[in-house]
Structure formats: C-alpha cells, structure tokens
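Numbering (my numbering), first residue to last: 1 to 391.
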C-alpha cells in the first residue's frame, strides 16, 4: 500500500533555483503537496549543473522530483499577470532571489498579499535581507564559512571544503518547517505571513550545543568539541577499517566498552570513572582505545560492541552505506524507480517512506495543464507562447 499524501490539497508556487529553495519545495512535494516550479526562460540553472548530459541531471532530480514545471518570463507584464493568478490559488510561495529582486519585478510580498491575503510567502536568503552584507551573493560555502560551522569540520590552519551542501539543505529544511507553520497559522487566522530563512541564520542556529557552550561558558569551539562532550571516538581496527563509538552519558555504555576491550579495571579508574573525567582526559582515553582497537578486526569489534549494547557502527563511505543491510532495509533509496534510483523522504508511515510521486519534470513539461487550472484558455495560451511569455 502506498503511504498517504500528508499534504494533499496544499499548493505551493516555487520561484526558486539551485538548492536551498528547491529543497524546501521538494520536501513538501514528497509529503504530497502540489509544488509548481516556475522557471525563467532557459530554466533553473541547476538543470545543467552536473557534467552528465541528461535532460534531467541527478543533482536536479534529487531536489525537484515530484514537482510540476512551467516557464514564465517574469520580466514581461503578461508573465507577471500569470504569476499573480497562480499565487491567487496557492497556499504558499517560495523564492530565493537576491534581496529586493521580486519587489523590483512588482511581485514581492506587498503586491502578492493583495491578490491572496492568506498567502504564506517564504523568502530564502543568503545572509539575510538586512545587515551590512545582506546584498552579498551567497552560496553554501559562504554561509558555512561565516557562521562558524565550517570551522567544526576542518583544520583551521589548512581549511578544506566539506562534503555535502549542508548550508543549502539546512536552510531548505528550516524553510519547509516554517512554511507548514505558516499555513497552519493562515488557516487559523485567515491572514498570510511573510517568512524569511537565511542560510547564515540556519547555519548559526544549527550548531546547537556547541554554540550554547560557547555563549554560556566562553569555551572555544573546534572540531573536537562535540566529540569530547559526546564521548565519540573514531578508531581503526587491525585490518585498517575505521569504526565509531558514541558513549554519550549512560554509565552502562562505558562499563560495557571496558569489558569489550578487556580492561574492566578502567571502570573505576579515577581518570575515567565519570563522564566529566572522561571528557577531561579525552585524548588519553582515545589513545588507550586506539591501542586496543589495533588488536582485532573491525567485524570482531562491531559484533562484541553490539553484544554489550555499546553504540557503535562501521565508518562507511557513501558507496558502502547505500548497500548496507540496515540502509537497504529502511528503503530510503528506491532502486526500482522509473528513470533511475530515487532518494525517498526520511519520513516513513507504517514502515513505508514517503517519496516523490513522479521524477523531476522536464522544463515547461506541465505548462498547459497548470495554465488551464487557473482558467487560461487554449487561445490565450497560444498567444502567451507567441509572445514568448511561456515556452
């Protein structure tokens, strides 16, 4: 049985490109919302981001599956008029242009709320729409760098970019959450809301406990801070394979680990007997654990750690993770989807993950249907196409 469409009946207009805004729209689409992607002539520039010569590239697919596409030239009056008609019947709108760009087009919040007073208008920005650097162009690495997030994943004396687009995706996640809250408020009060989620603010807020420790205690934060406080260890076994242990706070995990490494005397060792002492002596304990890890192969460690209920896992490459039995059992990746593998939503209903109802759309694939739904006739559509307002 297919999982329910939790947001069925919700319509979202997405006038956004690249990752942050489209990721928010994608999350809503996976939960059943009708997300209409409004693209400029030529389309979202992320369509051609991958070197793969495909009509829909993998990177575009992952953020845009399940949506519908229409091309509108918003620089033309007729295009603006169509956009306003789309918004009239929408619950929410997402945009991530430079600050003030939609206002200059006459399609900002002040104008659109006149056409739909209950509209939830979500603006996804880079560094925010106010402040001394608000007009600066911003992408993922800029927000990571300025927020302090990057510093917790790299050696600051020789910094290197980090893996996935964390700033973009964190911002999109916060935006989707905010949109749902805005829709609930709109339905309760009948009044729309303008929301703003900046990549910079999202990255600052995401740092949670590390940020709080610095603010309240003044302690410098580095890439080791969280590891020490959470009692996380990355170790390498005799066969050269890495694995992770996360002791957290419960004493039983520490006691179980001591039994597994064959050193029960460490349980009462005053240097390690409490979490506070283990945090203080983190490096010494890490060395002891690494010495022990070198004595057995990784599979032995994982089997025995599990037997003693110690939180642990192999440290896998992405290639290894997608074929791990537990990942496969969850069904987060649909290998049988039409058009190739598809990443489902992490949200599951009765053990069935929510996912896109269709692949990412080809450019302007749904133009006629979308326009017909808002009462634009076949003749009017032909005229719009002749005037190059639509593609």
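Every residue gets a Cβ at the ideal spot worked out from N, C-alpha and C, and that includes glycine.
| Asked | Found |
| --- | --- |
| Expected contact under 8 Å - CB spacing of residue 99 and residue 69 to nearest Å | Between residue 69 and residue 99 the Cβ distance is about 26 Å, and since that is not below 8 Å, they are no contact. |
| Touching by the beta-carbon criterion (3+ pairs, under 8 Å), the stretch 91-111 and the stretch 56-64 | no |
| Reference residue 186; option with closest CA among 121, 22, 305 | 121 |
| Delimiting residues of the alpha helix (DSSP H) encompassing residue 360 | Per DSSP, residue 360 belongs to no alpha helix (DSSP H) and is neither H nor E. |
| Start-end ranges of the beta strand (DSSP E) lying completely within the stretch 120-161, minimum 3 residues | 120-125 |
| Same chain, Cβ closer than 6 Å to residue 147, five either side skipped, listed in chain order | 200, 203, 204 |
| Three CB pairs or more closer than 8 Å across the stretch 261-280 and the stretch 208-225 | no |
| Counted within 10 angstroms of its Cβ, other Cβ atoms place residue 112 as buried (16 or more) or exposed | buried |
| Cα-Cα separation, residue 360 to residue 310 | 42 Å |
| Exposure of residue 347, with buried meaning 16 or more beta-carbon neighbours within 10 Å | exposed |
| Exposed unless 16 or more other CB atoms sit within 10 angstroms - verdict on residue 215 | exposed |
| Straight-line gap, residue 250 to residue 92 (C-alpha atoms, nearest Å) | 44 Å |
| Element boundaries [alpha helix (DSSP H), containing residue 302] | 298-307 |
| Identified DSSP bridge partners for residue 269 | None, per the DSSP bridge assignment. |
| Residue from 48, 22, 82 with nearest C-alpha to residue 373 | 82 |
| Of the residues 384, 362, 67, the one placed nearest residue 57, counting alpha carbons only | 362 |
| As assigned by DSSP and simplified to three states, the class of residue 115 | helix |
| Residues of its chain near residue 24, where Cβ-Cβ distance is below 6 Å and the 5 sequence neighbours each way are ignored | 94, 172, 175, 176 |
| Residue 257 versus residue 161 - alpha carbon distance | 34 Å |
| Straight-line Cα distance separating residue 317 from residue 261 | 26 Å |
| For residue 284, the first and last residue of its enclosing alpha helix (DSSP H) | 282-293 |
| Residues sharing a beta bridge with residue 77, DSSP | DSSP lists no partner for residue 77. |
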